[in-house]
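As structure tokens, the structure follows; a few thoughts come after it.
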Amino acid sequence: MSLLLTAANILFTLQAAQATVAGAVRDEDTGEPLAGAIVAMPDLGRVTATDATGRYVLVEIPPGPQHLTFRFIGHAQRTLHALVPAGGRLHIDVSLRGEPVRLGTIEVRRPLSLPGLEDIDTSGLYDRSTSIAAIRNNPLLSEPDALQGLEGGPVAMGAESPSGVHIRGGESDQTAYLLDGIPVFSPYHAAGQFSAWNPDALSSVHLSASVPMPGNADVLAGTITAVTREPGTRTRMQGSLSTTQARITVDGAIGSTGAGYLLSLRSRMPSLPAQDRDPSYLSAESGDRLAKLEAPAGHGRLRLLGYDSGDEIEASAQPNPSNGARRNSFEWASRSFGAEWSGRISGVELKLLGWRSTGDASSAWTGSSGETALAAGRHDLGLLGMVEGGSKLARTTAGIRLERSRTLYQVKSDSTPEGWTVRANTPVATVFAQQTRALGRPAALTVGASMAAADADLHLGPYARLRLRPADRLTLSGSYARTHQFAQSLRNAESVVGNIFPADLYLGAGAPGVPAGRSDGIVLGAEYSVTGARLAVEAYRRTSQGLLLVAPRDGGPFTTGAFDVGSGTSSGLAVDAALSRARYGIVASYGIQQVRLRYRESGYTPDHGATHLFQGGLIVFPSATTSIRLGAAGALGRRTTALSGALEWEACNLLDRGCEFAGSPEHGGQVLGASRLPGYLRVDLGFRKHWHLELARRDATVALFATVTNLLNRKNVLTYAEDPAGGKPLPVDMRPLAPLVVGLDWQF
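Numbering-wise (the numbering used here), the sequence shown opens with residue 132 and increments by one.
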């Protein structure tokens, strides 16, 4: 018993012989308490942190000499020697001297934005939606392009020099284009650029093709909608200067009322790479401009938007030309202005939109029958009213669209000085309704219809789409739609001149011999997606009637007074895949299609109807500021109509310092689509490096970029031209191994 009492007394004495160390930690310069400072006794393995008032407490500290360390980020560390008493409280206050501390770089990365891997589609009706951020990361593009960013699978474009967007086998004029809901005609540039929309002014691009967009059903193949970016709360500037273009975009707030503005300017750089002294090279000028103003109004928001683009191109009318030789000229311009008010009243969303859109084109063309002058134009006025409301289980949209389209087409030639002039005034009144209803958790059904009064007739356009989710990661869909179109183009889509003259030359239904086009389409799709990865498959079938076909009657770039009305069928299977990780991203697509146009007792496969189309690309970020991209594009089963005239051609590239197009090529007497082209394959390599700078206390970014095209130096063929000496067809080669673009971009 006495032994136990002795041991207890010893333990009690040791426990009592412990002290408390406490105090405060402050900034040496300001005297402010430092919350969260670390206070440690490393010899004892004891650590604590100061509270919100800068105070700390360490209890049960044995007596004797101890090391006391104080640390706080941005301050010099301080170590003290303390003699802790046998009991009681030791008070130690410490001041730490401020000292900048260089921290190691910490990279925080999220998966890359890539087409198909973004959750920006809230309607469930878009076939594909992509942000401009994803388009900038697209490894297949040397510079961001709002239209080419949608290419792949069921969306095809011409290789190296697109002349339009072909959706599920449709002609380029069967695609409608909207900018913030406002119609835009022929939004194309040529000779080194394609989309006439400045990518810096946009936030996202959407494609609707399986079923029509409510209020925009008068188009056969589909609708591409670009959405401009929202003005920021302070002034922002972004731009680029390259061997193809110069562009600048500015946006910001107007006062503190919630109003904002967006301004965008872009111009082609024709004199930077071009060989001006060589008459076989193109002479081109082009540009586009955009202005937007938005502000709160009533219970909603008012938006005003103006858009303008213009192109002028001259090309020698003779191959191997000499200075002073006659030149072919092409001009086209597009202008749109619109006002929109949208808001929400009593749980119902309202939208009122009015617009004025024009598209004009002209040409002086020297063909086999002499010189032909073209003048074409389309002037539209429109008004759209739409309401949308409902619950989480069902949403209903309804509205009315009123539009008047005036079109003019006029040609005069040496052989027919009296010319051919045709006009059309095509009013269209459309009512539409649509409902999307949830059928339990795994399914949603969308049904809708439009009724259009045009061309002295009523045109009913029903459509439906069913989406099923049998599993969280799997979505199945099926759709049917009937669509109509009341204006079609008289440009010859089979002419190689479309590579430099892609403008749509519209003529409205009601003009002599011009019917309303009609199309019926069925699409079946499946999509499997997980975080950072997506695989989508679709099969489709389209039949169309009442199509204007110029190629069977005229071998020039546009009709001189004759055309056929025919029909078309297209069917295919498309696969799209994407994978995104923090340091790399992969995109791939494959499409197999069969496209056939028919007229009278004949038919042909159009130039855009290649049997197999595939694309793939990889973008890698070795560091947070450097990216390398590798892209490949190919096609098999291409067909073309051989030319009866010679052509001197070179796609735009820096090695040849420009773009060549010399000659007045036509196809006269050749069977349409009869010439098979060899397989097409092109591999491109791009590099980009950016730096962050501090400018006026704001972060600014400057980047250098470059792309080399056709790394394999493959001899791809554009078409065949007739040999003037022997009459044999000669292949017209496409772009060689060469630098394509070099430039810098910036944002502030």
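Using N, Cα and C, we set each Cβ at its ideal position, and we do this for glycine too. It should be emphasised that the depicted structure is a prediction, and the values quoted were computed from it without experimental measurement.
- Task: Give me the Cα-Cα distance between R819 and P450, rounded to the nearest whole angstrom.
- Result: Their Cα atoms are separated by approximately 38 Å.
- Task: Have a look at V696 and A584 and give me their C-alpha separation to the nearest angstrom.
- Result: Just so you know, the alpha carbons of V696 and A584 end up roughly 21 Å apart.
- Proximity of S244 and N268 at Cβ, strictly below 7 Å: In this structure, S244 lies near N268, with their beta-carbon atoms less than 7 Å apart.
- Backbone CA spacing between N841 and A869 [nearest angstrom]: In a straight line, the C-alpha of N841 is about 7 Å away from that of A869.
- Taking the alpha-carbon positions, what's the I192 to A168 distance? Taking the straight line from one Cα to the other gives about 20 Å.
- Task: Could you check which residue in A415, R399 and T388 has the C-alpha nearest to that of L424?
- Result: It is T388.
- Query: So the alpha helix (DSSP H) I266 belongs to, where does it begin and stop?
  - Reply: Under the DSSP assignment, I266 falls in the alpha helix (DSSP H) whose first and last residues are I263 to R267.
- Message: Using only the alpha-carbon positions, how far apart do N691 and T547 sit?
- Response: At residue 691 the sequence reads Thr, which differs from the Asn that was named. A direct Cα-to-Cα measurement between T691 and T547 gives close to 10 Å.
- Query: Which whole-angstrom value is the C-beta distance of I636 and L680, which I expect to be below 8 Å?
  - Reply: Position check: residue 636 holds Leu in this sequence, whereas Ile was assumed. About 14 Å separates the beta carbon of L636 from that of L680, a gap too long to meet the 8 Å contact definition.
- Item | D815 and T838 closer than 7 Å at C-beta | It is a contact, given that the beta carbons lie within the stated cut-off.
- Query: For V215 versus P194, is the C-beta distance shorter than 7 Å?
  - Reply: Yes; because the gap between Cβ atoms is below 7 Å, this pair is in contact.
- So what does DSSP say about G629, is it helix, strand or coil? Of the three classes helix, strand and coil, the one that applies to G629 here is helix, per DSSP.
- Query: Between which two residues does the beta strand (DSSP E) harbouring L435 extend?
  - Reply: Segment G431 to S447, the beta strand (DSSP E) holding L435.
- Query: Of all the beta strand (DSSP E) runs that stay within the bounds of the region 338 to 382, which reach a length of 3 or more residues?
  - Reply: Here the runs fully enclosed are 353 to 359 and 367 to 373.
- Could you give the C-beta distance for Y438 and R466, rounded to a whole number, given that I count them as a contact under 8 Å? The C-beta distance from Y438 to R466 rounds to 7 Å, short enough to meet the 8 Å contact threshold.
- Item | Beta bridge counterpart(s) of G314 as assigned by DSSP | The sequence given here has Pro at residue 314, not Gly. When DSSP reads this structure, P314 sits in a beta bridge with L309.
- Query: Looking at the structure shown, is S335 part of a helix, part of a strand, or coil, going by DSSP?
  - Reply: S335 sits in a strand when the DSSP states are folded into three classes.
- Which class does L281 belong to by DSSP, given the choice of helix, strand or coil? In this structure, DSSP gives L281 a helical state, which the three-state scheme calls helix.
- Along the chain, where does the beta strand (DSSP E) that runs through H615 open and close? In the DSSP assignment, H615 falls within the unbroken beta strand (DSSP E) covering L605 to Q616.
- Message: Closest to Q616 by C-alpha separation, out of V350, L175, M288 and R220, would be which residue?
- Response: Closest option to Q616, Cα to Cα, is V350.
- DSSP on P410, reduced to helix/strand/coil? P410 falls in the coil class under three-state DSSP.
- Please report how far the alpha carbon of I263 lies from the alpha carbon of V668, in whole angstroms. Their backbone Cα atoms lie some 24 Å apart in a straight line.
- Query: What did DSSP end up calling P548 once you bin it into helix, strand or coil?
  - Reply: In this structure, P548 counts as coil in the three-state DSSP scheme.
- Query: Buried or exposed: which applies to A428, given that a residue is buried once 16 or more other Cβ atoms fall within 10 Å of its Cβ?
  - Reply: Flag for A428 reads exposed.
- Query: What does W328 pair with, by DSSP beta-bridge criteria?
  - Reply: The partner list for W328 (beta bridge, DSSP) is empty, contrary to what the question assumes.
- Nearest candidate by alpha-carbon position, reference Q724, set R649, L638, R673 and Q149: Of R649, L638, R673 and Q149, the residue nearest in Cα terms is R673.
- Query: Is it true that the CB of A390 sits closer than 7 Å to the CB of A426?
  - Reply: Going by C-beta atoms, A426 is nearer than 7 Å to A390.
- Query: Among residues of its own chain, excluding the 5 on either side of G734, which ones have a beta-carbon nearer than 7 Å to its beta-carbon?
  - Reply: Cβ neighbours of G734 beyond the five flanking positions: R727 and L728.
- Message: Spatial neighbours of G383 within its chain, please: C-beta separation below 7 Å, excluding the five flanking residues on both sides.
- Response: Correct list, in chain order: P362, G363, R365, T366, R367, G391 and Y392.
- Query: Could you give the distance in angstroms between the alpha-carbon of S626 and the alpha-carbon of T700?
  - Reply: For S626 and T700, the distance between alpha carbons rounds to 21 Å.
- Would you mind giving the Cβ-Cβ distance between A504 and V542, rounded to the nearest angstrom? I have them listed as a contact below 8 Å. About 7 Å separates the two Cβ atoms, so the contact holds.
- Where R866 falls: helix, strand or coil (DSSP): Residue state, collapsed to three classes: coil.
- Item | Rounded separation between R202 and T181 - CA only | Their Cα atoms are separated by approximately 10 Å.
- CB of A290 to nearest heavy atom of the ligand GTP: below 6 Å? Among the components modelled here there is no ligand, and therefore nothing to report on the ligand GTP.
- Message: Under 8 Å, with one C-beta from each stretch per pair, do the region 597 to 606 and the region 648 to 655 reach the 3-pair mark?
- Response: No contact exists between the region 597 to 606 and the region 648 to 655.
- Query: What residue range is occupied by the uninterrupted beta strand (DSSP E) comprising V802?
  - Reply: For V802, there is no enclosing beta strand (DSSP E), as DSSP marks it with neither H nor E.
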